[in-house]
Amino acid sequence: MSEQDMQALQNAQGVDASKLFLTQMIKHHQGAITMAQKEIKSGHYQPATALAQSIVTSQQQEINTMQSILGSL
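Here it is as structure tokens:
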């Protein structure tokens, strides 16, 4: 997250703060998934590729939860 993103979150209030937090975290998690998928595809060290697979699974579950919460706001 950029300094600008952090500042926007710090300045937001109420439901707007929650929406911004969730939106930023979804983007952050999507970046983690992209990185992990590259490791799964190109990595050669099994513990790292296994961790990457775990990251994809857990981060996607969290994205789904955050999208659900975001949809309810």
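Residues in the sequence shown are numbered from 1 upward in steps of one, following UniProt numbering.
Here a beta-carbon is modelled for each residue, glycine too, at the ideal position from N, C-alpha and C.
Predicted, not measured: the structure shown is a model, and the values here were computed from it.
With distance defined between alpha-carbon atoms, name the residue in the options nearest to residue i.
| i | options | result |
| --- | --- | --- |
| Q24 | P47, S68, Q53, S2 | S2 |
| Q30 | S18, N64, L51 | N64 |
| A32 | M66, L73, S72, Q60 | Q60 |
For residue i and residue j, what's the separation of their Cα atoms in angstroms?
| i | j | result |
| --- | --- | --- |
| A36 | S68 | 23 Å |
| V15 | S42 | 41 Å |
| S54 | K27 | 18 Å |
| Q46 | A52 | 10 Å |
| A12 | L70 | 15 Å |
Please classify residue i as buried or exposed, where buried requires at least 16 neighbouring CB atoms within 10 angstroms.
| i | result |
| --- | --- |
| A48 | exposed |
| L22 | buried |
Is any non-hydrogen atom of the ligand COA found closer than 6 Å to the C-beta of residue i, if you look at the structure I gave you?
| i | result |
| --- | --- |
| L73 | Looking for the ligand COA in the displayed structure turns up nothing, as the structure carries no ligands at all. |
Answer yes if the segment 38-47 comes into contact with the segment 2-20, meaning at least three C-beta pairs across the two stretches below 8 Å, and no otherwise.
-> no
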